[in-house]
Amino acid sequence: MKWLLFAILFFISACQTLNIRTADRSVIENSQENNQSENKATQTPFVANYVGVIVSPGLAHTLSAAHFFTAAEELNLKMKVIAGVGWGAVPAAIYADSLKANALKWQFYKLEKKSLLTSEFFGLKKASVDKGKQQNFYSNIFRAKKLASMKAPFVCSYASHKKSQVQVFDTGNVTTALNLCSTSFYGRKNAKEQDHFLALFDYFKQVEINNIILVTNSNFVKNSSQTLEELESWANELSMNIYFVDINTDFISEPLSFKKSKDILRNSRDGVFERVKKVQKTIKNL
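Convert by adding 1385 to the 1-based position in the sequence shown; the result is the number in our numbering.
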């Protein structure tokens, strides 16, 4: 009898354990299904479509690119890759990480209370971008984030130390990418300005992007008219279409005036939405 009673108790215990395990498995499976459905719900249309965007360089002038991304967001412009040259990589990265233009503007608003520049030395030494302060600015935004975890693919161009050629940073740490891309463009003369764009063009071609939107500012247009002509020619040779969205930043007297970020954002928005809408319509009609 004792053995029979023991067998019955063992059988009941085993059934309860099986039920618990089955219940646990059901909970896990339901949780996984919920996570998958949440992921599907949060997937963005920006990642898998047809336009490549490049934000041109220009230090404080590049803050105006926030208006391009505002317009792109409102128009649901399909962007497969978002790229930047020089300091143009900064707004490109911040937007690619959040896909929210307001988040980009907020980071730029905060520049009014921060200094990214070195101190002037009694007028003998002009202020310049302080690499340490700039790195802290990037680190506070991105921490240890990897490019692979950004909401939209982001890349930027940089000039290699050892080679006289430009490469595309497309994997690894976001802060490292920005430190390389935003400083090598201005600090290394072993690569031409055009080489940065050509490297990105080649990258876009590899990922099957045939339509490029180049977001420019007044500073870049004035100093790089020949570059713009060459870019158009190169795009044609690669069987790619290039469209320019020019943002007026003529009112910026000093390229390092990051602390006037609110004024820059306030005064550079006119006409941007209409230009982006026109480009989008042209691309759709191809």
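Backbone N, C-alpha and C fix where the C-beta goes; we use that ideal spot for every residue, glycine too.
Just so we're clear, the structure is a prediction, and the values are computed from it rather than from any experiment.
Worksheet item: Expressed to the nearest angstrom, what Euclidean distance is found between the alpha-carbon atoms of Leu1641 and Leu1496?
Response: Using only the alpha carbons, I get a separation of about 12 Å.
Discussion item. Give me the residue from Lys1530, Asn1521, Leu1532 and Pro1538 with the minimum Cα distance to Val1438.
Written reply: Here the closest residue by C-alpha is Pro1538.
Discussion item. I need the boundaries of the beta strand (DSSP E) containing Phe1554, first residue and last residue.
Written reply: From DSSP, the beta strand (DSSP E) with Phe1554 extends over Val1551 to Phe1554.
Item to complete: Look up Ile1479 in the DSSP assignment and say whether it is helix, strand or coil.
Response: Three-state result, Ile1479: helix.
Worksheet entry | Completely contained beta strand (DSSP E) runs for the region 1499 to 1550, where each covers 3 or more residues | Runs of beta strand (DSSP E) with 3 or more residues, each lying fully within the region 1499 to 1550, are found at 1539 to 1544, listed in chain order.
Practice prompt. Leaving out five residues on either side along the sequence, give the residues of the same chain with a beta carbon under 6 Å from the beta carbon of Ala1433.
Written response: Its pLDDT being 36, under 50, Ala1433 is placed unreliably by the model, and the measurement read from it follows with that caveat. For Ala1433, same chain residues with a beta-carbon under 6 Å away, outside a window of 5 residues either side, do not exist.
Fill in: Among Phe1643, Asn1633, Ser1638 and Lys1666, nearest to His1452 - alpha-carbon criterion
Taking only the C-alpha atoms, the option nearest His1452 is Asn1633.
Worksheet entry | Cβ neighbour criterion (16 or more within 10 Å) applied to Ala1529 | Per the 10 Å Cβ criterion, exposed.
Worksheet item: Would Leu1616 pass as a contact of Phe1582 if the rule is Cβ separation under 9 Å?
Response: In this structure, Leu1616 lies near Phe1582, with their beta-carbon atoms less than 9 Å apart.
Fill in: Sequence-distant residues of the same chain with beta carbon closer than 8 Å to Asp1748, five excluded per side
Nothing about residue 1748 can be reported from this structure: the residues present for the chain run from 1386 to 1671 only.
Worksheet entry | Phe1636 versus Pro1476 - alpha carbon distance | Cα to Cα, Phe1636 sits roughly 20 Å from Pro1476.
Discussion item. Measuring only the C-alpha atoms, how far is Phe1454 from Ala1486?
Written reply: Cα to Cα, Phe1454 sits roughly 6 Å from Ala1486.
Worksheet item: Can you name, in chain order, every residue of its own chain whose Cβ lies under 7 Å from the Cβ of Ser1460, other than the five neighbours on each side?
Response: This sequence places Leu at residue 1460; Ser is not what is there. Same-chain partners within the cutoff: Val1661, Lys1662 and Gln1665.
Worksheet item: Would you call Trp1491 buried or exposed, if buried means 16 or more other Cβ atoms sit within 10 Å of its Cβ?
Response: By the Cβ neighbour-count rule, Trp1491 is exposed, with fewer than 16 other Cβ atoms within 10 Å of its own.
Fill in: Candidates Phe1586, Glu1578, Ser1504 and Asn1595, of which the one nearest Ser1610 by Cα
Nearest C-alpha to Ser1610: Glu1578.
Discussion item. Considering only DSSP beta bridges, list what Thr1601 is partnered with.
Written reply: Asp1631, per the DSSP bridge assignment.
Worksheet entry | Top-ranked residue by Cα proximity to Asp1587, from Leu1623, Asn1521, Ser1513 and Lys1516 | If we check each option's Cα against that of Asp1587, Leu1623 comes out closest.
Worksheet item: Which term fits Leu1469, buried or exposed, when burial requires 16 or more other beta carbons within 10 angstroms of its beta carbon?
Response: A small fix is needed here, since residue 1469 is Gly in this sequence, not Leu. By the neighbour-count rule (16 or more Cβ atoms within 10 Å), Gly1469 is buried.
Fill in: Beta-carbon gap between Leu1444 and Asn1604 smaller than 9 Å
Cβ distance < 9 Å, so Leu1444 and Asn1604 count as in contact.
Worksheet item: Rounded C-beta distance between Lys1465 and Ile1594? I'm assuming under 8 Å.
Response: Correct: roughly 6 Å between the Cβ atoms.
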